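To keep things clear, I will list the structure first and then write my remarks on it.
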Amino acid sequence: MTLRHLFPSCLLTLCIVTPTFAQQAADSVSPEEATAMAAFANLSGAADAAMTAKQEGRPVSADDWMVVAANPLAVEAGAAVLADGGTAADAMVAVQAVLGLVEPQSSGLGGGAFLVWYDAATGEMTTLDGRETAPIAATPTLFQDENGERLGFFDAVVGGLSVGTPGTPKLIEDAHRRWGQSNWADLFTDAIALADSGFIVSPRMAGAIANDADRLQRFPDTADYFFPGGTAVAAGDLLTNAAYADTLRQIASRGTDAFYTGPIAEDIVATIRNAPGNPGVLSTVDMALYDVVERDPVCVPYRSFEVCGMGPPSSGALTVGQILGMLDSYDISDPADPDTWRLIGDASRLAFADRGRYMADSDYVPMPTEGLTDPAYLAERATLLRGDDALPEVTAGNPNWDHAQLWGDDLSIEFPSTSHISIVDSYGNALSMTTTIENGFGSRLFVRGFLLNNELTDFSFATHNDGYPIANRIEPGKRPRSSMSPTIVTQDGEPTLVIGSPGGSRIIGYVAKAIIAHVDWGMDVQQAVSMPHLVNRFGTYDIEEGTDLISLEDPLTELGYEVNIRGLNSGLHAIAIGDTLQGGADPRREGIALGE
Ligand code: GLY
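Next comes the structure, spelled out in structure tokens:
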């Protein structure tokens, strides 16, 4: 096995496997690859083989169980639980605990998550909302200055103002209580050991730290961890996190009461309220009141499948479902045909128009949730796609709704980050969970060994648009609208695909396209997650740089789109369920699929 096999250069930069799947493997080993190898040098043979499979563009196959996540150390922790007879919920706890250590910029105890669960014993789908909440003291103008002007994005993000009450600890505990069978405390053993004895910093984590040096060094505790002695933590460094180990020990022994009340909660609140330059308003009452909400899954038929995911406050399942629902009556069988991308792009634009007007936390604002995915409404919207060129203008539609209300279109700003976990256990249960602290490194506030989220900036900074209230405005206790799209696809009631991705509001396009690639273009899961991206949210067509799909730039421009070639940093993690389990991990990130 060469260094290149163990950690291919395409993981460090960008390796895209096109529909023809010409793998762009490097001919020589770079210093980064050598560092990357060190980062994961102690991985099992199975993890090593999983990396090779990803490099070669092959899915990982297994018969019994499978786990896919963004870092091999986290995947191995989950795999150990599954191999020991644990459920997908048990494994998720172990994966999340390690991700919070080795990929702290993306998710962790200080953030929130959504989880979709398929229960093999009952055949039921359940969704859990562990989204952060706005503090009781938050006002709709939280992100406006004294003149009513909206704050700049990073002025709002960095510091205490953007921090919502974390939901991830309660979510993992709730899922374990419902569906776990392993001993709760044992699920933290690997994460605690890694935090105590140290883990090798991955190239991705190191790169993220270097890219965010100014913001991370604004707060002493954050700077001490990521810049010990004033120097950025580098790829290949051995990093310990005793504070994180201590926090996990307390959660392991006393449950998440140890997090939501008492000294840890008090430290979180003090960190937020005393953040220099940008104090927030979260209180110990907010912490003590936090709860996970079970919500109805949103399921939309597509071809012979049902695509199920997380409803409000996530816009994920509704928007993915609208895109697929509008495309259902069209022939999009040829990914090389620009008209296929016109249909996908304009269906996305129509769905995003509805998202911007109607989607928010339905506990706070009335929402036409059923109307938005009503087949008759989607069929009517789909007639708008009948032309030959890009739609010159796209506006929100008028879904059936028993509530009279005029909303203003949303004015939220969104940047990508986040992490996705897909798991199938040996009992046939399936779990799809997208987990986040919002922006890379969240609010940049670091306390008790983890970062606090900046999820409140997923709210609209403005309260009104054109005189109409915005559904996703800030309100006390409300959950900010999300794009996270943890998804389980079923056929005849049985799960066939578990999938999700990070990527801000582009998550929706990444997930919809990967489902289309698997269902319509017959790609296996690795091909589907590796395929280059074309994403259209609000009109501009983003094409992934360095990929074959750039050949579509001219045809799409001729159809009337503004085309933008750029990096598109998804982190799609998927498991296809058939006679065997097939796992695919996004080559744009460091994760792997592991199964047995
Ligand atoms: N903060 C990313 C999302 O919830 O969509």
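Numbering-wise, my numbering puts 243 at position 243 of the sequence shown, and it's gapless, one number per residue.
Here a beta-carbon is modelled for each residue, glycine too, at the ideal position from N, C-alpha and C.
Since the structure is predicted, the reported quantities are computational estimates derived from the model, not experimental observations.
Taking 8 Å as the threshold (C-beta atoms), are residue 142 and residue 581 in contact?
As a working mapping, residue 581 is identified with position 581 in the sequence shown. As a working mapping, residue 142 is identified with position 142 in the sequence shown. Contact: no.
Three-state secondary structure assigned by DSSP to residue 211
If you number the sequence shown from 1, residue 211 lands on position 211. Reduced to three states, the DSSP call for residue 211 is helix.
Identify which residue in 398, 313, 295 and 386 has its Cα closest to the Cα of residue 339.
As a first step, residue 339 must be located in the sequence shown, where it is residue number 339. Ranking the options by Cα distance to residue 339, first place goes to 386.
Excluding sequence positions up to five away, which residues of its chain have a Cβ less than 7 Å from the Cβ of residue 596?
Here residue 596 refers to the residue found at position 596 when the sequence shown is read from its first residue. Result list for residue 596: 62, 64, 65 and 83, in chain order.
Do residue 245 and residue 192 have their CB atoms nearer than 8 Å?
Stepping through the sequence shown from its first residue, residue 245 is reached at position 245. Stepping through the sequence shown from its first residue, residue 192 is reached at position 192. Yes.
Endpoints, the beta strand (DSSP E) within which residue 535 is located
Here the question's residue 535 lines up with position 535 in the sequence shown. Residues 534 to 536.
I'd like the list of long-range same chain contacts for residue 126, defined as Cβ closer than 6 Å, with 5 residues on each side in sequence excluded.
Taking the sequence shown and counting its residues from 1, the one referred to as residue 126 is at position 126. Only 117 meet the Cβ criterion.
In whole angstroms, what is the alpha-carbon distance linking residue 174 and residue 563?
For the purposes of this step, residue 174 is taken as the residue at position 174 of the sequence shown. For the purposes of this step, residue 563 is taken as the residue at position 563 of the sequence shown. Approximately 44 Å between the Cα atoms of the pair.
Count the other C-beta atoms from every protein chain shown that fall within 10 angstroms of the C-beta of residue 591, then say buried if there are 16 or more, exposed otherwise.
Your numbering for residue 591 matches position 591 in the sequence shown. Result: buried.
Could you tell me which residues DSSP puts in a beta bridge with residue 489?
The sequence position of residue 489 within the sequence shown is 489, counting from 1. DSSP output for residue 489 lists 307 and 497 as bridge partner(s).
Should residue 350 and residue 394 be called a contact, given that it needs their Cβ atoms to be closer than 8 Å?
Sequence index remark: in the sequence shown, residue 350 carries index 350 (1-based). Sequence index remark: in the sequence shown, residue 394 carries index 394 (1-based). Yes, these two residues count as a Cβ contact at 8 Å.
Any heavy atom of the ligand GLY closer than 7 Å to the CB of residue 458?
Counted from its first residue, the sequence shown places residue 458 at position 458. Residue 458: yes, Cβ under 7 Å from the ligand GLY.
Please classify residue 238 as buried or exposed, where buried requires at least 16 other C-beta atoms within 10 Å of its C-beta.
Position 238 of the sequence shown holds residue 238. By the 10 Å Cβ count, residue 238 comes out exposed.
For residue 468, which beta-bridge partners are listed by DSSP?
The residue given as residue 468 occupies position 468 in the sequence shown. DSSP lists 465 as partners of residue 468.
Measuring only from the beta carbon, is residue 362 closer than 7 Å to any heavy atom that is part of the ligand GLY?
As a position in the sequence shown, residue 362 is number 362, starting the count at 1. No.
Starting from residue 322, follow the alpha helix (DSSP H) in both directions and report where the run begins and ends.
As a first step, residue 322 must be located in the sequence shown, where it is residue number 322. Run containing residue 322: 316 to 327, per the alpha helix (DSSP H) assignment.
Exposed or buried, what is residue 481 when buried is set at 16 or more other beta-carbons lying within 10 Å of its beta-carbon?
Taking the sequence shown and counting its residues from 1, one reaches residue 481 at position 481. Residue 481 should be labelled buried.
Within the present structure, is the beta-carbon of residue 455 separated from the nearest heavy atom of the ligand GLY by less than 7 Å?
Your numbering for residue 455 matches position 455 in the sequence shown. Answer for residue 455: yes, Cβ within range of the ligand GLY.
Give the secondary structure of residue 267 by DSSP, where H, G and I count as helix, E and B as strand, and everything else as coil.
Counted from its first residue, the sequence shown places residue 267 at position 267. If DSSP states are grouped into helix, strand and coil, residue 267 belongs with the helices.
What does the alpha-carbon distance come out to for the pair residue 584 and residue 137?
If you number the sequence shown from 1, residue 584 lands on position 584. If you number the sequence shown from 1, residue 137 lands on position 137. Those two C-alpha atoms are separated by around 43 Å.
Give, in chain order, every unbroken run of the beta strand (DSSP E) that is at least 3 residues long and sits entirely within the segment 107 to 157.
112 to 118 and 125 to 130
Span of the alpha helix (DSSP H), counted from its first residue to its last, around residue 503:
The sequence position of residue 503 within the sequence shown is 503, counting from 1. Careful: residue 503 lies outside any alpha helix (DSSP H) and carries neither H nor E.
Would you kindly check if the distance between the Cβ of residue 423 and the Cβ of residue 625 is under 8 Å?
Past the boundaries of the shown model lies residue 625; the chain is included only from 1 to 596, so the question cannot be answered.
How about residue 230 and residue 166: are their beta carbons less than 8 Å apart?
Working through the sequence shown from its first residue, we reach residue 230 at position 230. Working through the sequence shown from its first residue, we reach residue 166 at position 166. Not in contact: residue 230 and residue 166 (Cβ atoms no closer than 8 Å).
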